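Going by my numbering, the sequence shown opens with residue 153, and the numbers climb by one from there.
The beta-carbon is built from N, C-alpha and C at its ideal position, and this holds for glycine as well.
The structure presented is a predicted model; accordingly, all values stated were derived computationally and were not measured.
Please read the structure below before turning to the comments.
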Amino acid sequence: MLIWLLQHFGPIWRGLESQTSGDSRVFLTARTALASVTSFLLAVLLGPIAIRWLKGRFVERVASASERLNEIQASKNKTPTMGGLFILGAVLVSVLLWGDLSSRYVQLGVLTAVGFGTLGAFDDWIKLRSQRNGLTVRQKLLGQLVIAGVVGGLLYEHHRDVPLGLDLLLPFGDGRLYLGVGFIAWSMFVLVAMTNGVNLTDGLDGLAGGCTIFAGTAFVALTYLAGHKVIAGYLQIPYLAGAGELTIVMGATVGAVLGFLWFNCYPAQVFMGDAGSLPLGGLIGLAALVTRQEALLVIVGGIFVIETLSVVLQVLWFRGTRTRLLACSPLHNHFLFRGHHEMKIVVRFWIVAALLAIVGIASLQIR
Numbered sequence: 153m154l155i156w157l158l159q160h161f162g163p164i165w166r167g168l169e170s171q172t173s174g175d176s177r178v179f180l181t182a183r184t185a186l187a188s189v190t191s192f193l194l195a196v197l198l199g200p201i202a203i204r205w206l207k208g209r210f211v212e213r214v215a216s217a218s219e220r221l222n223e224i225q226a227s228k229n230k231t232p233t234m235g236g237l238f239i240l241g242a243v244l245v246s247v248l249l250w251g252d253l254s255s256r257y258v259q260l261g262v263l264t265a266v267g268f269g270t271l272g273a274f275d276d277w278i279k280l281r282s283q284r285n286g287l288t289v290r291q292k293l294l295g296q297l298v299i300a301g302v303v304g305g306l307l308y309e310h311h312r313d314v315p316l317g318l319d320l321l322l323p324f325g326d327g328r329l330y331l332g333v334g335f336i337a338w339s340m341f342v343l344v345a346m347t348n349g350v351n352l353t354d355g356l357d358g359l360a361g362g363c364t365i366f367a368g369t370a371f372v373a374l375t376y377l378a379g380h381k382v383i384a385g386y387l388q389i390p391y392l393a394g395a396g397e398l399t400i401v402m403g404a405t406v407g408a409v410l411g412f413l414w415f416n417c418y419p420a421q422v423f424m425g426d427a428g429s430l431p432l433g434g435l436i437g438l439a440a441l442v443t444r445q446e447a448l449l450v451i452v453g454g455i456f457v458i459e460t461l462s463v464v465l466q467v468l469w470f471r472g473t474r475t476r477l478l479a480c481s482p483l484h485n486h487f488l489f490r491g492h493h494e495m496k497i498v499v500r501f502w503i504v505a506a507l508l509a510i511v512g513i514a515s516l517q518i519r
């Protein structure tokens, strides 16, 4: 909205262009800050209204495959869920106000958020309106693959003429692997893996939200750096012209999740549901793909990777030995079964997520 207004006032627009740095035409840093604050305020101020609305329509039904987990989590029954809807609302309004809607990266950010948000909301709706536990695994995976395929295809079309746009950077040194059209399949893998990673982490009050804030903040920085030619050159990371505009989307996401965490911290007044976890994972995955920092995603999003691996290893271990590697997966449930207080688990996971985000950003200079 701001960009559109300024474009219709020629002298002001040209004056602002001459005063800005990097590849962003109008004050990217200020717009990112404004996007974050706007989405935070929208989430905090409209949160109580949204929670009341959700409470009359969508409330949590604790019905996992583990009877013991159901007993531990019994107090969470009847808590409003699908709070991801007001996270998405805050993000979209903020991006509309402060983002450059002509940017392909902003368009992909909106598409990713809306696409995965819609799929997640549909999954939540089935879970809450029937005795089914949401979409089947195949249905959910198919939906994720379709959305990821569209996003990956559009990003491939945009990146195929961009230097290093289709290269997979190896973790250390200057090694890289040209993906070509395989970039689409790679994008699908990254997006689906991240959406499921955040979804699996969303099991305790504030856990997924807090970890998303740290990972999202790291990618606010990474998208900004990738879109600044001078800084990108200094750090020897790929320079992607226009990538800085995705900083607006990521900044708005961090702000909205901070606002949501105001109500989602222990004891939670609302849960995000798949309507929130899927798009949040998708946006982090998109930021990694745009900046060509998938290797760093493994570090920055380490909590999500560990949570996912804990589920995979639990399944494989049980199939091979008929015993359980963990008391209950994902990993946070293992500690819950061991008698640790929920808030202690959450804060310790936050600490690890913060450290991983710091290590990920610091490794740019090392590499």
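What ranges does the beta strand (DSSP E) occupy inside the segment 311-366, keeping only unbroken runs of at least 3 residues that lie completely in it? Counting whole runs of 3 or more residues, the segment 311-366 contains the beta strand (DSSP E) stretches 319-321, 328-330.
Residue 442 by DSSP, collapsed to three states: which one? Along the sequence shown, read from residue 1 onward, the residue named residue 442 stands at position 290. If DSSP states are grouped into helix, strand and coil, residue 442 belongs with the helices.
Those runs of the alpha helix (DSSP H) which lie wholly inside the segment 393-430 and span at least 4 residues: Listed in chain order, the complete alpha helix (DSSP H) runs (minimum 4 residues) inside the segment 393-430 are 398-416.
Distance between beta carbons of residue 349 and residue 502, contact taken as under 8 angstroms: The residue given as residue 502 occupies position 350 in the sequence shown. The residue given as residue 349 occupies position 197 in the sequence shown. The C-beta distance from residue 502 to residue 349 rounds to 16 angstroms, too long to meet the 8 angstroms contact threshold.
Cβ neighbours of residue 258 in the same chain (closer than 8 angstroms, five flanking residues each side left out): Within the sequence shown, residue 258 is the residue found at index 106, counting from 1. Excluding sequence neighbours, residue 258 sits near 247, 251, 252, 397, 398, 400, 401.
Is DSSP giving residue 174 helix, strand or coil here? Mapped onto the sequence shown, residue 174 falls at position 22. Its pLDDT being 48, under 50, residue 174 is placed unreliably by the model, and nothing is read from it.
Compute the beta-carbon to beta-carbon distance between residue 307 and residue 180, rounded to the nearest angstrom, for a pair I have assumed lies under 8 angstroms. Here the question's residue 307 lines up with position 155 in the sequence shown. Here the question's residue 180 lines up with position 28 in the sequence shown. About 20 angstroms separates the Cβ atoms of residue 307 and residue 180, ruling out a contact at the 8 angstroms cut-off.
Quick one: using the 10 Å Cβ neighbour count with 16 as the cut-off for buried, is residue 264 buried or exposed? In the sequence shown, the residue the question calls residue 264 occupies position 112. A residue is called buried when at least 16 other Cβ atoms come within 10 angstroms of its Cβ; residue 264 meets this threshold and is buried.
Quick one: grab the DSSP three-state call for residue 211. Translated into the one-based positions of the sequence shown, residue 211 becomes position 59. Note: residue 211 maps to strand in three-state DSSP.
So, does the segment 411-427 touch the segment 333-344, judging by three or more C-beta pairs under 8 angstroms? As far as the Cβ criterion goes, the segment 411-427 does not touch the segment 333-344, which means the pair count is below three.
Starting from the Cα of residue 266, find the closest Cα among 210, 511, 227, 434 and give me that residue. As a working note, residue 266 is residue 114 in the sequence shown. Of the candidates 210, 511, 227, 434, the one whose C-alpha sits nearest the C-alpha of residue 266 is 434.
With contact counted as at least three CB pairs below 8 angstroms, one residue from each stretch, are the segment 228-242 and the segment 192-200 in contact? Touching, yes.
Report back the beta-carbon spacing between residue 219 and residue 353 to the nearest angstrom; my notes put them in contact at under 8 angstroms. Working through the sequence shown from its first residue, we reach residue 219 at position 67. Working through the sequence shown from its first residue, we reach residue 353 at position 201. The pair is not a contact, with the Cβ atoms about 22 angstroms apart (cut-off 8 angstroms).
Along the chain, where does the alpha helix (DSSP H) that runs through residue 475 open and close? For the purposes of this step, residue 475 is identified with residue 323 of the sequence shown, where counting begins at 1. Bounds of any alpha helix (DSSP H) do not take in residue 475, whose DSSP letter is neither H nor E.
Using DSSP bridges, identify the partner residues of residue 232. One-based indexing of the sequence shown puts residue 232 at position 80. Answer is 211, bridged to residue 232.
Are there 16 or more other CB atoms within 10 angstroms of the CB of residue 466, so buried, or fewer, so exposed? Walking along the sequence shown from the start, residue 466 turns up at place 314. Flag for residue 466 reads buried.
According to the neighbour-count rule (16 or more other Cβ atoms, all chains shown, within 10 Å of its Cβ), is residue 184 buried or exposed? As a working note, residue 184 is residue 32 in the sequence shown. Residue 184 should be labelled buried.
Please report the distance separating the alpha-carbon of residue 410 from that of residue 420. Working through the sequence shown from its first residue, we reach residue 410 at position 258. Working through the sequence shown from its first residue, we reach residue 420 at position 268. Roughly 14 angstroms between the two C-alpha positions.
Suppose you measure from the CA of residue 346 to the CA of residue 436; what does that come to, to the nearest Å? Here residue 346 refers to the residue found at position 194 when the sequence shown is read from its first residue. Here residue 436 refers to the residue found at position 284 when the sequence shown is read from its first residue. Each residue's Cα considered, the two are about 7 angstroms apart.
For residue 366 versus residue 506, is the C-beta spacing smaller than 8 angstroms? Residue mapping note: residue 366 aligns to position 214 of the sequence shown, counting from 1. Residue mapping note: residue 506 aligns to position 354 of the sequence shown, counting from 1. By the CB criterion at 8 angstroms, residue 366 and residue 506 fall inside the cutoff.
Report yes or no: do the segment 470-485 and the segment 369-377 share at least 3 C-beta pairs separated by less than 8 angstroms? Not touching, per the Cβ criterion.
Is residue 191 near the ligand MN - that is, is its Cβ less than 7 angstroms away from at least one heavy atom of it? By its list of ligands, the structure shown contains no ligand whatsoever, and the ligand MN lies outside what it can speak to.
Cβ contact check for the segment 378-391 and the segment 442-449: 3 or more pairs under 8 angstroms: Flag = yes, the segment 378-391 and the segment 442-449 touch.
Which residues bound the alpha helix (DSSP H) around residue 273? What you label residue 273 is simply residue 121 of the sequence shown in a count that begins at 1. Run containing residue 273: 256-281, per the alpha helix (DSSP H) assignment.
What three-state label does DSSP hand residue 391 in the structure shown? Start at 1 with the first residue of the sequence shown, and residue 391 comes out as number 239. Three-state DSSP puts residue 391 in coil, outside helix and strand.
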